[in-house]
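*Asks:* In the numbering used here, the protein residues as written are 810 to 1022.
Cβ coordinates follow ideal geometry from the N, Cα and C atoms, glycine included.
(1) For residue 926, which of helix, strand or coil comes out of DSSP?
(2) Does the Cβ of residue 946 have 16 or more other Cβ atoms within 10 Å, making it buried, or fewer, making it exposed?
(3) From which residue to which residue does the alpha helix (DSSP H) around residue 898 run?
(4) Going by Cα to Cα distance, which pick from 1004, 956, 874, 973 is closest to residue 984?
(5) Candidates 966, 988, 878: which alpha carbon is nearest residue 830's?
(6) Between 942, 851, 1003, 982, which lies nearest to residue 961 when the distance is taken from Cα to Cα?
(7) State the Cα-Cα distance for the pair residue 929 and residue 909, rounded to the nearest angstrom.
(8) Classify residue 846 as helix, strand or coil using the three-state DSSP reduction.
(9) Mapping the DSSP letters down to three states, classify residue 967 as helix, strand or coil.
(10) Could you please give the first and the last residue of the uninterrupted alpha helix (DSSP H) stretch that includes residue 856?
(11) Please identify the residue among 953, 843, 880, 1011 whose C-alpha is closest to the C-alpha of residue 921.
(12) When DSSP labels each residue in this structure, what does residue 1018 get in the three-state scheme?
(13) Suppose the cutoff is 7 Å on Cβ atoms and the five residues either side in sequence are ignored; what does the same chain contact list for residue 914 look like?
(14) Nearest by alpha-carbon distance to residue 837: which of 869, 827, 863 is it?
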């Protein structure tokens, strides 16, 4: 190797690696999902992402900033897929609800990441010291319920649900069922077990869809 080549090699070896934000967030997301917000330290995040602490601070400010970014990443990668199941106007309201729940069950139990819902799993382990994080997660849960409510209200306006159906109560009930499915998945429930719960939900749907009538 000549002198010019040798100098080029030394320069290449000394060049800092480019920070991959999405890759770092994917690793942080799994870490928070598995151990919770408070159970994950900055040292854990440094080790998992392979980035140095100053790099993470520069990108996310602190651990809470990285957690908030991980929540956005979860919504982008996973939650939005389930919500998309409600967006098909060609499906009747019952099929939309069923597809939403089946898609969610698949996400909760795919085996490639910790079981259950990231938002539900992390919010259930917070202490009073993490009040701002807890409030942010409550708002995300509320957004999920609002999304379901908007879907049901639109179908009610289209005449697919009785005008007397209590949409607020129905949306809250469905969200409570989703939370229960998350807990079961976190405890090791299989996709088949969650699908059996959804089968029960759909058997009850003719009655549930007429709450208040």
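*Replies:* With the structure as the only source:
(1) Counting from one through the chain shown, the residue named residue 926 turns up at place 117. The DSSP-derived three-state label of residue 926 is coil.
(2) Along the chain shown, read from residue 1 onward, the residue named residue 946 stands at position 137. Taking every protein chain shown into account, the CB of residue 946 has 16 or more other CB atoms within 10 angstroms, so this residue is buried.
(3) To locate residue 898, count along the chain shown from 1; it is residue 89. Run containing residue 898: none; DSSP gives neither H nor E here.
(4) By one-based count along the chain shown, residue 984 stands at place 175. Nearest C-alpha to residue 984: 956.
(5) Reading the chain shown from its first residue, position 21 is the one you call residue 830. Of the listed residues, the one whose Cα sits closest to residue 830 is 878.
(6) Translated into the one-based positions of the chain shown, residue 961 becomes position 152. When each option's Cα is compared against that of residue 961, the closest is 982.
(7) Here residue 929 is taken as the residue at index 120 of the chain shown, counted from 1. Here residue 909 is taken as the residue at index 100 of the chain shown, counted from 1. The straight-line gap from Cα to Cα measures roughly 17 Å.
(8) As a working mapping, residue 846 is identified with position 37 in the chain shown. Looking at residue 846 - three-state DSSP - the assignment turns out to be coil, as it is neither helix nor strand.
(9) Taking the first residue of the chain shown as position 1, residue 967 is located at position 158. Residue 967: coil per DSSP, three-state reduction.
(10) Reading the chain shown from its first residue, position 47 is the one you call residue 856. Residues 851-858.
(11) Taking the chain shown and counting its residues from 1, the one referred to as residue 921 is at position 112. Ranked by Cα distance from residue 921, the first of 953, 843, 880, 1011 is 843.
(12) Walking along the chain shown from the start, residue 1018 turns up at place 209. DSSP places residue 1018 in coil when its eight states are reduced to three.
(13) The sequence position of residue 914 within the chain shown is 105, counting from 1. Within the same chain, and ignoring the five residues on either side of residue 914 in sequence, the residues whose Cβ sits closer than 7 Å to its Cβ are 990, 1000, 1003, 1004, 1007.
(14) Working through the chain shown from its first residue, we reach residue 837 at position 28. The shortest Cα separation from residue 837 among 869, 827, 863 belongs to 869.
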